[in-house]
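What follows is a set of notes on a single structure, which appears directly below.
Numbering (our numbering), first residue to last: 18 to 282.
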């Protein structure tokens with residue numbers, strides 16, 4: 018890989034801006050690796066781009082000016098963010114699932130990763146509004162793995178391949194499950210769990226209402242991010258499984274609201 022550490026500030030910022038426009042958002046830790054410069058240098062670059070109105074700074078990175086609280090990135094765009102953290106979280110969360118359980122998996126790239134770790138768990142019943150999650154278990158069944166019973170809700174498809182809306186809400190509220198594994202766009206003490214999609218917020222409320230225990234699966238970069246619509250208080254989460262990238266101060270604050278915090282990896 019080419020050494021990009023000697024780029025002029027203007028060149029470096031142009032590369033960052035191209036990446037933001039291409040992907041919809043970037044993380045500071047990703048840019049430090051790609052450009053081989055310090056965390057402080059990247060933050061100064063993002064400050065300069067934000068002052069010029071070219072990007073909007075968010076916790077841990079920046080998004081395009083179009084990517085406001087109402088912007089919902091597509092599934093592929095979100096899949097490229099924090100893949101190793103999602104793997105660690107999924108591995109730890111999978112240990113909470115016992116054979117014969119009735120569980121629910123909301124939409125999202127972390128719950129999708131978790132689904133891959135649950136293939137082979139015997140006599141599992143899975144309720145999901147994620148087309149991607151349902152596909153994981155269907156492909157496993159075709160390959161001869163122990164087949165989970167999958168209930169895929171109906172609904173309107175979001176950019177992240179989740180099914181939401183009144184049809185999904187009615188289906189979910191008619192069911193009851195032991196564990197809910199829930200993804201989120203962001204979480205904070207003030208806004209709780211939030212999403213850019215109003216219909217998805219209501220569907221997530223339905224999931225929480227039907228679950229005996231709610232397990233949030235979200236990497237550390239979600240802390241401090243706020244979407245358009247809140248759908249739960251932090252106190253409604255029984256367990257948050259996240260990665261060790263969560264800062265100690267944030268972990269302490271989270272523990273004041275959430276019953277159990279598991280740091281994967």
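C-beta atoms are modelled at their ideal positions from N, C-alpha and C, and glycine is treated no differently. Computed from a prediction, not measured in an experiment: that's the story for all the values here.
ask   = Can you tell me the Cα-Cα spacing of residue 195 and residue 205, whole angstroms?
value = 25 Å
Environment of residue 281 [buried if 16+ CB atoms lie within 10 Å] = buried
ask   = Could you give the residue range of the beta strand (DSSP E) that holds residue 246?
value = For residue 246, the uninterrupted beta strand (DSSP E) segment begins and ends at 246 to 249.
query = Which parts of the stretch 220 to 273 are runs of the beta strand (DSSP E), unbroken and 3 residues or longer, counting only runs that do not cross its ends?
reply = Correct list: 228 to 234, 246 to 249, 256 to 260.
ask   = Which residues in the same chain as residue 169 place their Cβ atom closer than 7 Å to its Cβ, once the five residues preceding and following it in sequence are excluded?
value = 145, 151
message = To the nearest angstrom, how far is the alpha carbon of residue 252 from that of residue 269?
response = 14 Å
request  = Could you tell me which residues DSSP pairs with residue 33 in its beta bridges?
outcome  = BP columns for residue 33 are empty, so no partner.
query = Between residue 6 and residue 135, what straight-line distance do the alpha-carbon atoms span, to the nearest angstrom?
reply = The requested residue 6 is not part of the displayed model; the chain covers only 18 to 282.
query = Just curious, the beta strand (DSSP E) that residue 277 is in, first and last residue?
reply = 277 to 281
query = Hey, would you say residue 48 sits closer than 9 Å to residue 78, going by beta carbons?
reply = Yes.
inquiry  = Suppose contacts are defined by Cβ-Cβ distances below 9 Å. Is residue 182 in contact with residue 244 by that definition?
reply    = no
ask   = Hey, would you say residue 179 sits closer than 9 Å to residue 123, going by beta carbons?
value = yes
query = Assuming residue 96 contacts residue 126 under a Cβ cut-off of 8 Å, what Cβ separation, rounded to an integer in Å, is found between them?
reply = 5 Å
ask   = What are the boundary residues of the alpha helix (DSSP H) that residue 166 is part of?
value = Where residue 166 is concerned, there is no enclosing alpha helix (DSSP H), although the beta strand (DSSP E) it sits in stretches over 166 to 169.
inquiry  = Could you compute how far the alpha carbon of residue 26 sits from the alpha carbon of residue 62?
reply    = Distance between residue 26 and residue 62, taken at the CA atoms: about 7 Å.
query = Where does residue 29 land, buried or exposed, given buried means 16+ other C-beta within 10 angstroms?
reply = buried
Buried or exposed by the 16-neighbour rule on C-beta atoms within 10 Å, applied to residue 130 = It is buried - the Cβ of residue 130 has at least 16 other Cβ atoms within 10 Å.
ask   = From residue 92 to residue 103, what distance separates their C-alpha atoms?
value = 14 Å
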